[in-house]
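S.K.: Numbering (my numbering), first residue to last: 14 to 346. Each residue gets a CB set at the ideal place from its N, CA and C atoms; glycine is no exception. Source: prediction; values computed, not measured. Below is the structure I would like to discuss, written out as C-alpha coordinates.
As C-alpha coordinates, this is what we get:
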(Lines of atoms letter the chains of each structure in order from A and count residues from 1; the text may use other names and numbers.)
(Lines give C-alpha, C1' and ligand atoms only; values in the text may rest on other atoms or scores of the structure.)
Protein backbone atom coordinates (compact mmCIF):
# COMPACT_ATOMS: atom_id res chain seq x y z
CA UNK A 1 0.00 0.00 0.00
CA UNK A 2 1.39 3.38 -0.96
CA UNK A 3 1.08 6.59 1.04
CA UNK A 4 0.04 9.67 -0.95
CA UNK A 5 1.99 12.85 -0.22
CA UNK A 6 3.26 16.16 -1.58
CA UNK A 7 7.05 16.31 -1.90
CA UNK A 8 9.79 18.69 -2.97
CA UNK A 9 12.13 16.99 -5.44
CA UNK A 10 14.88 19.62 -5.25
CA UNK A 11 15.83 22.60 -3.10
CA UNK A 12 13.29 25.43 -3.42
CA UNK A 13 11.28 23.23 -5.78
CA UNK A 14 7.51 23.15 -5.98
CA UNK A 15 5.78 20.37 -4.14
CA UNK A 16 4.36 17.67 -6.37
CA UNK A 17 2.33 14.50 -5.69
CA UNK A 18 4.37 11.53 -4.51
CA UNK A 19 3.31 7.98 -3.75
CA UNK A 20 5.78 6.13 -1.52
CA UNK A 21 5.93 2.80 0.25
CA UNK A 22 6.30 3.25 4.02
CA UNK A 23 8.76 1.45 6.24
CA UNK A 24 7.59 -1.73 7.92
CA UNK A 25 5.38 -1.11 10.95
CA UNK A 26 7.67 -1.85 13.89
CA UNK A 27 6.53 -3.24 17.25
CA UNK A 28 6.37 0.24 18.85
CA UNK A 29 5.13 2.05 15.74
CA UNK A 30 1.77 3.53 14.92
CA UNK A 31 0.23 4.38 11.56
CA UNK A 32 -1.86 7.55 11.47
CA UNK A 33 -4.54 8.60 9.02
CA UNK A 34 -3.72 12.31 8.85
CA UNK A 35 -6.52 14.87 9.03
CA UNK A 36 -4.50 18.10 9.54
CA UNK A 37 -0.91 19.28 9.28
CA UNK A 38 0.34 22.70 10.27
CA UNK A 39 3.03 24.56 8.35
CA UNK A 40 5.99 25.72 10.41
CA UNK A 41 8.74 28.02 9.14
CA UNK A 42 11.08 25.06 9.65
CA UNK A 43 9.21 23.35 6.80
CA UNK A 44 10.21 26.25 4.55
CA UNK A 45 13.87 25.85 5.53
CA UNK A 46 13.72 22.11 4.86
CA UNK A 47 12.01 22.45 1.48
CA UNK A 48 14.45 25.18 0.46
CA UNK A 49 17.50 23.23 1.66
CA UNK A 50 18.65 26.07 3.93
CA UNK A 51 20.01 23.79 6.66
CA UNK A 52 21.78 21.24 4.48
CA UNK A 53 19.72 18.51 6.15
CA UNK A 54 17.24 17.78 3.36
CA UNK A 55 17.26 14.67 1.19
CA UNK A 56 15.03 14.83 -1.87
CA UNK A 57 12.35 13.95 -2.58
CA UNK A 58 11.27 15.17 0.86
CA UNK A 59 7.78 15.43 2.31
CA UNK A 60 7.59 18.31 4.81
CA UNK A 61 5.23 18.65 7.75
CA UNK A 62 5.72 18.05 11.47
CA UNK A 63 2.58 19.47 13.11
CA UNK A 64 0.40 16.45 12.51
CA UNK A 65 -3.00 15.44 13.82
CA UNK A 66 -4.71 12.24 12.77
CA UNK A 67 -6.39 9.06 13.90
CA UNK A 68 -4.71 5.76 14.66
CA UNK A 69 -5.12 3.38 11.72
CA UNK A 70 -2.71 0.60 12.71
CA UNK A 71 -0.70 -0.39 15.77
CA UNK A 72 2.56 -2.24 16.23
CA UNK A 73 2.46 -5.45 18.26
CA UNK A 74 3.89 -3.81 21.41
CA UNK A 75 1.74 -0.67 21.47
CA UNK A 76 -0.55 -0.62 24.49
CA UNK A 77 -1.08 3.07 25.27
CA UNK A 78 -3.04 3.93 22.09
CA UNK A 79 -6.07 2.43 20.38
CA UNK A 80 -7.42 2.32 16.83
CA UNK A 81 -9.39 5.41 15.90
CA UNK A 82 -7.88 7.52 18.69
CA UNK A 83 -7.00 11.13 17.77
CA UNK A 84 -3.31 11.85 18.33
CA UNK A 85 -0.68 14.35 17.29
CA UNK A 86 2.98 14.25 16.27
CA UNK A 87 5.39 17.18 16.41
CA UNK A 88 8.99 17.84 15.37
CA UNK A 89 10.30 14.62 16.90
CA UNK A 90 9.36 11.09 15.89
CA UNK A 91 11.79 9.09 18.01
CA UNK A 92 14.73 8.96 20.44
CA UNK A 93 16.87 6.34 22.16
CA UNK A 94 14.82 6.61 25.40
CA UNK A 95 17.85 5.38 27.36
CA UNK A 96 20.31 8.29 27.60
CA UNK A 97 20.41 10.80 30.46
CA UNK A 98 18.26 13.47 28.73
CA UNK A 99 15.68 10.86 27.71
CA UNK A 100 15.46 9.46 31.23
CA UNK A 101 14.93 13.04 32.49
CA UNK A 102 12.03 13.46 30.08
CA UNK A 103 14.03 15.74 27.78
CA UNK A 104 13.94 13.52 24.73
CA UNK A 105 14.33 16.58 22.51
CA UNK A 106 17.97 16.75 23.73
CA UNK A 107 18.76 13.12 22.85
CA UNK A 108 21.87 12.81 20.66
CA UNK A 109 20.03 10.14 18.66
CA UNK A 110 16.70 11.91 18.30
CA UNK A 111 14.83 11.35 15.04
CA UNK A 112 13.04 14.28 13.41
CA UNK A 113 9.64 13.72 11.84
CA UNK A 114 10.52 15.08 8.40
CA UNK A 115 14.34 14.92 8.30
CA UNK A 116 15.47 11.66 6.68
CA UNK A 117 11.82 10.62 6.86
CA UNK A 118 8.70 11.69 4.99
CA UNK A 119 6.51 14.06 7.00
CA UNK A 120 2.91 15.09 7.34
CA UNK A 121 2.00 16.65 3.99
CA UNK A 122 0.42 13.27 3.27
CA UNK A 123 -2.61 11.11 3.90
CA UNK A 124 -0.74 8.77 6.28
CA UNK A 125 2.44 8.48 8.30
CA UNK A 126 4.20 5.89 10.46
CA UNK A 127 6.12 6.96 13.57
CA UNK A 128 7.16 5.68 16.99
CA UNK A 129 3.92 5.51 18.98
CA UNK A 130 5.70 6.89 22.04
CA UNK A 131 5.92 10.23 20.21
CA UNK A 132 2.24 10.30 19.28
CA UNK A 133 0.27 12.31 21.85
CA UNK A 134 -3.46 12.00 22.59
CA UNK A 135 -5.25 15.25 21.77
CA UNK A 136 -7.59 16.57 24.50
CA UNK A 137 -11.22 16.66 23.43
CA UNK A 138 -11.43 20.43 24.02
CA UNK A 139 -8.91 21.11 21.24
CA UNK A 140 -10.10 21.13 17.63
CA UNK A 141 -7.71 19.28 15.32
CA UNK A 142 -6.80 22.37 13.30
CA UNK A 143 -6.04 24.19 16.56
CA UNK A 144 -4.02 21.34 18.03
CA UNK A 145 -1.74 20.84 15.03
CA UNK A 146 0.37 24.05 15.41
CA UNK A 147 0.66 23.47 19.17
CA UNK A 148 2.72 20.33 18.52
CA UNK A 149 5.68 22.41 17.33
CA UNK A 150 4.94 26.12 17.63
CA UNK A 151 3.10 25.67 20.92
CA UNK A 152 5.72 23.60 22.71
CA UNK A 153 8.51 25.80 21.32
CA UNK A 154 7.24 28.77 23.37
CA UNK A 155 5.60 26.87 26.24
CA UNK A 156 8.77 25.03 27.31
CA UNK A 157 10.94 28.12 28.01
CA UNK A 158 8.05 29.98 29.63
CA UNK A 159 7.46 26.99 31.89
CA UNK A 160 11.14 26.96 32.89
CA UNK A 161 11.72 30.69 33.35
CA UNK A 162 8.43 32.51 34.01
CA UNK A 163 6.96 32.28 37.51
CA UNK A 164 3.33 33.28 38.06
CA UNK A 165 4.09 36.93 38.91
CA UNK A 166 6.88 37.40 36.35
CA UNK A 167 7.02 40.34 33.97
CA UNK A 168 7.37 38.67 30.59
CA UNK A 169 8.09 40.21 27.21
CA UNK A 170 7.50 38.54 23.83
CA UNK A 171 9.49 39.86 20.88
CA UNK A 172 7.81 39.20 17.55
CA UNK A 173 4.05 38.71 17.36
CA UNK A 174 3.80 36.08 14.66
CA UNK A 175 3.18 32.35 14.52
CA UNK A 176 5.19 31.72 17.68
CA UNK A 177 4.70 35.03 19.44
CA UNK A 178 0.91 35.07 19.39
CA UNK A 179 0.93 31.70 21.16
CA UNK A 180 3.53 32.87 23.67
CA UNK A 181 1.32 35.82 24.65
CA UNK A 182 -1.56 33.47 25.39
CA UNK A 183 0.53 31.03 27.41
CA UNK A 184 2.25 33.77 29.43
CA UNK A 185 -1.05 35.46 30.26
CA UNK A 186 -2.63 32.15 31.34
CA UNK A 187 0.41 31.47 33.56
CA UNK A 188 -0.38 34.64 35.49
CA UNK A 189 2.42 36.79 34.08
CA UNK A 190 2.36 40.49 33.30
CA UNK A 191 2.81 40.39 29.52
CA UNK A 192 4.44 42.91 27.18
CA UNK A 193 4.23 42.43 23.40
CA UNK A 194 7.13 43.89 21.40
CA UNK A 195 6.58 44.09 17.65
CA UNK A 196 7.83 45.94 14.59
CA UNK A 197 4.29 45.97 13.20
CA UNK A 198 2.05 48.75 14.60
CA UNK A 199 -1.04 47.13 13.07
CA UNK A 200 -0.66 44.17 15.43
CA UNK A 201 -1.28 46.18 18.59
CA UNK A 202 -4.99 45.41 18.84
CA UNK A 203 -4.49 41.73 18.14
CA UNK A 204 -1.63 41.53 20.65
CA UNK A 205 -3.93 42.81 23.37
CA UNK A 206 -6.52 40.27 22.26
CA UNK A 207 -3.96 37.49 22.67
CA UNK A 208 -3.28 38.57 26.25
CA UNK A 209 -0.72 41.39 26.21
CA UNK A 210 -1.10 44.00 28.93
CA UNK A 211 0.96 46.49 26.93
CA UNK A 212 2.36 46.88 23.44
CA UNK A 213 5.77 48.29 22.49
CA UNK A 214 6.76 49.23 18.95
CA UNK A 215 10.22 47.70 18.55
CA UNK A 216 11.46 50.02 15.82
CA UNK A 217 10.97 53.12 17.95
CA UNK A 218 14.03 53.50 20.24
CA UNK A 219 12.12 55.75 22.63
CA UNK A 220 9.45 53.09 23.09
CA UNK A 221 12.05 50.47 23.99
CA UNK A 222 13.83 52.85 26.34
CA UNK A 223 10.50 53.42 28.10
CA UNK A 224 10.42 49.75 29.17
CA UNK A 225 14.08 49.58 30.21
CA UNK A 226 14.60 47.53 33.35
CA UNK A 227 10.99 46.27 33.52
CA UNK A 228 11.13 42.63 32.36
CA UNK A 229 12.15 39.46 34.17
CA UNK A 230 12.11 37.36 31.03
CA UNK A 231 12.15 38.23 27.32
CA UNK A 232 11.34 35.58 24.73
CA UNK A 233 12.59 36.33 21.21
CA UNK A 234 10.69 34.57 18.43
CA UNK A 235 12.04 36.55 15.46
CA UNK A 236 14.44 35.56 12.68
CA UNK A 237 15.57 38.96 11.46
CA UNK A 238 18.98 40.44 12.44
CA UNK A 239 18.87 41.95 15.93
CA UNK A 240 20.69 44.55 17.98
CA UNK A 241 20.84 42.70 21.28
CA UNK A 242 21.87 45.66 23.46
CA UNK A 243 18.45 47.41 23.67
CA UNK A 244 16.80 44.05 24.29
CA UNK A 245 19.05 43.34 27.25
CA UNK A 246 18.31 46.84 28.52
CA UNK A 247 14.65 45.86 28.97
CA UNK A 248 15.63 43.30 31.63
CA UNK A 249 15.58 43.66 35.40
CA UNK A 250 18.43 42.29 37.56
CA UNK A 251 18.73 38.50 37.11
CA UNK A 252 16.62 38.76 33.97
CA UNK A 253 16.97 36.37 31.04
CA UNK A 254 16.71 36.76 27.27
CA UNK A 255 15.76 33.50 25.55
CA UNK A 256 15.92 32.81 21.81
CA UNK A 257 13.56 30.35 20.15
CA UNK A 258 13.98 32.05 16.78
CA UNK A 259 17.43 32.13 15.17
CA UNK A 260 18.41 35.64 13.98
CA UNK A 261 19.69 35.81 10.41
CA UNK A 262 23.03 37.31 11.51
CA UNK A 263 25.39 36.51 14.43
CA UNK A 264 24.85 38.54 17.61
CA UNK A 265 27.44 40.72 19.34
CA UNK A 266 27.26 40.20 23.09
CA UNK A 267 28.85 42.69 25.50
CA UNK A 268 29.31 40.49 28.58
CA UNK A 269 30.72 43.36 30.60
CA UNK A 270 27.49 45.31 30.36
CA UNK A 271 25.57 42.26 31.62
CA UNK A 272 27.60 41.55 34.74
CA UNK A 273 26.22 44.29 36.94
CA UNK A 274 22.66 42.97 36.63
CA UNK A 275 23.58 39.26 36.36
CA UNK A 276 21.73 38.90 33.07
CA UNK A 277 21.47 35.62 31.17
CA UNK A 278 21.15 34.79 27.48
CA UNK A 279 19.77 31.35 26.70
CA UNK A 280 18.02 29.28 24.03
CA UNK A 281 15.29 26.68 23.94
CA UNK A 282 14.47 23.94 21.43
CA UNK A 283 11.06 22.26 21.45
CA UNK A 284 10.36 20.11 24.51
CA UNK A 285 10.34 16.56 25.79
CA UNK A 286 7.36 14.24 25.97
CA UNK A 287 6.24 15.25 29.47
CA UNK A 288 6.32 18.93 28.48
CA UNK A 289 4.29 18.29 25.33
CA UNK A 290 1.61 16.38 27.23
CA UNK A 291 1.48 19.12 29.87
CA UNK A 292 1.30 21.84 27.20
CA UNK A 293 -1.63 20.20 25.42
CA UNK A 294 -3.58 19.84 28.67
CA UNK A 295 -2.74 23.43 29.67
CA UNK A 296 -3.92 24.75 26.29
CA UNK A 297 -7.15 22.77 26.51
CA UNK A 298 -7.82 23.93 30.06
CA UNK A 299 -7.22 27.61 29.31
CA UNK A 300 -8.72 27.78 25.83
CA UNK A 301 -5.39 28.54 24.16
CA UNK A 302 -5.01 28.02 20.44
CA UNK A 303 -3.51 29.53 17.32
CA UNK A 304 -5.31 31.79 14.91
CA UNK A 305 -5.46 29.55 11.86
CA UNK A 306 -5.79 29.87 8.10
CA UNK A 307 -7.14 26.50 6.93
CA UNK A 308 -6.31 25.32 3.40
CA UNK A 309 -6.65 21.98 1.61
CA UNK A 310 -3.55 19.83 1.10
CA UNK A 311 -3.87 20.32 -2.64
CA UNK A 312 -3.00 24.01 -2.06
CA UNK A 313 0.22 23.17 -0.21
CA UNK A 314 2.41 25.21 -2.57
CA UNK A 315 0.37 28.37 -2.13
CA UNK A 316 0.20 27.83 1.62
CA UNK A 317 3.96 27.26 1.87
CA UNK A 318 4.54 30.47 -0.12
CA UNK A 319 2.46 32.45 2.39
CA UNK A 320 4.64 31.21 5.23
CA UNK A 321 7.85 31.79 3.26
CA UNK A 322 6.86 35.42 2.64
CA UNK A 323 5.77 36.03 6.23
CA UNK A 324 2.14 36.59 5.27
CA UNK A 325 0.56 33.96 7.51
CA UNK A 326 -1.62 35.42 10.23
CA UNK A 327 -0.88 33.52 12.25
CA UNK A 328 -0.54 29.81 11.41
CA UNK A 329 -1.44 27.95 8.21
CA UNK A 330 -2.90 24.46 8.58
CA UNK A 331 -3.52 22.00 5.76
CA UNK A 332 -6.66 19.87 5.83
CA UNK A 333 -6.02 16.46 4.29
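Helix, strand or coil for residue 50 per DSSP?
M.R.: If DSSP states are grouped into helix, strand and coil, residue 50 belongs with the strands.
S.K.: Take residue 334 as the anchor and find which of 50, 41 and 58 has the nearest alpha-carbon.
M.R.: Ranked by Cα distance from residue 334, the options 50, 41 and 58 are led by 58.
S.K.: Looking at the structure shown, is residue 123 part of a helix, part of a strand, or coil, going by DSSP?
M.R.: Of the three classes helix, strand and coil, the one that applies to residue 123 here is coil, per DSSP.
S.K.: Cα separation between residue 114 and residue 206?
M.R.: For the pair residue 114 and residue 206, the Cα-to-Cα distance works out to about 33 Å.
S.K.: Please work out which residues of its chain come closer than 6 Å, Cβ to Cβ, to residue 39, disregarding the five sequence neighbours upstream and downstream, and give them in chain order.
M.R.: 85
S.K.: So the alpha helix (DSSP H) residue 167 belongs to, where does it begin and stop?
M.R.: 165-174
S.K.: Is the separation between the beta-carbon of residue 247 and that of residue 171 shorter than 9 Å?
M.R.: No, Cβ-Cβ distance for residue 247 and residue 171 is not below 9 Å.
S.K.: Report back the beta-carbon spacing between residue 174 and residue 220 to the nearest angstrom; my notes put them in contact at under 8 Å.
M.R.: Incorrect: roughly 19 Å between the Cβ atoms, too far for contact.
S.K.: Nearest to residue 119 by CA position, among 293, 326 and 342, is which residue?
M.R.: Selection 293, 326 and 342 evaluated against residue 119 yields 293 as nearest (Cα-Cα).
S.K.: Whose C-alpha, out of 325, 336 and 345, is nearest the C-alpha of residue 28?
M.R.: 325
S.K.: Would you mind reading off the limits of the beta strand (DSSP E) that contains residue 141?
M.R.: 137-141
S.K.: Is it the case that the segment 67-79 contacts the segment 126-141, given that we only count it when at least three CB pairs across the two stretches are under 8 Å?
M.R.: yes
S.K.: State buried or exposed for residue 17, treating a residue as buried only when at least 16 other CB atoms are found within 10 Å of its CB.
M.R.: Looking at its Cβ environment, which holds fewer than 16 other Cβ atoms inside 10 Å, residue 17 is exposed.
S.K.: Would you mind sorting residue 271 into buried or exposed? The rule is 16 or more other CB atoms within 10 Å of its CB.
M.R.: Buried.
S.K.: Taking the beta strand (DSSP E) that residue 318 belongs to, which residues open and close that run?
M.R.: 318-322
S.K.: Residue 217 and residue 194: beta carbons closer than 9 Å?
M.R.: yes
S.K.: Let's see if you can read the secondary structure: which residues bound the alpha helix (DSSP H) around residue 332?
M.R.: 326-334
S.K.: Can you list, in chain order, the residues of its chain with a C-beta nearer than 8 Å to that of residue 231? Leave out the 5 residues immediately preceding and following it.
M.R.: 256
S.K.: Assuming residue 105 and residue 122 make a contact with CB atoms under 8 Å, what is their CB distance in whole Å?
M.R.: 6 Å
S.K.: Do residue 273 and residue 289 have their beta-carbon atoms positioned less than 9 Å apart in this structure?
M.R.: no
S.K.: Just to confirm the assignment, what range does the beta strand (DSSP E) spanning residue 150 have?
M.R.: Run containing residue 150: none; DSSP gives neither H nor E here.
S.K.: Which residues bound the beta strand (DSSP E) around residue 219?
M.R.: From DSSP, residue 219 is part of no beta strand (DSSP E) but of the alpha helix (DSSP H) over 214-219.
S.K.: Considering residue 222, what are the terminal residues of the beta strand (DSSP E) in which it resides?
M.R.: Segment: none, residue 222 is in no beta strand (DSSP E) and carries neither H nor E.
S.K.: Tell me whether the segment 46-63 and the segment 146-161 touch, counting them as touching only if at least three CB pairs, one residue from each stretch, are closer than 8 Å.
M.R.: Output reads yes: the segment 146-161 touches the segment 46-63.
S.K.: Considering Cα atoms alone, identify which of 107, 314, 149 and 60 is closest to residue 127.
M.R.: 60
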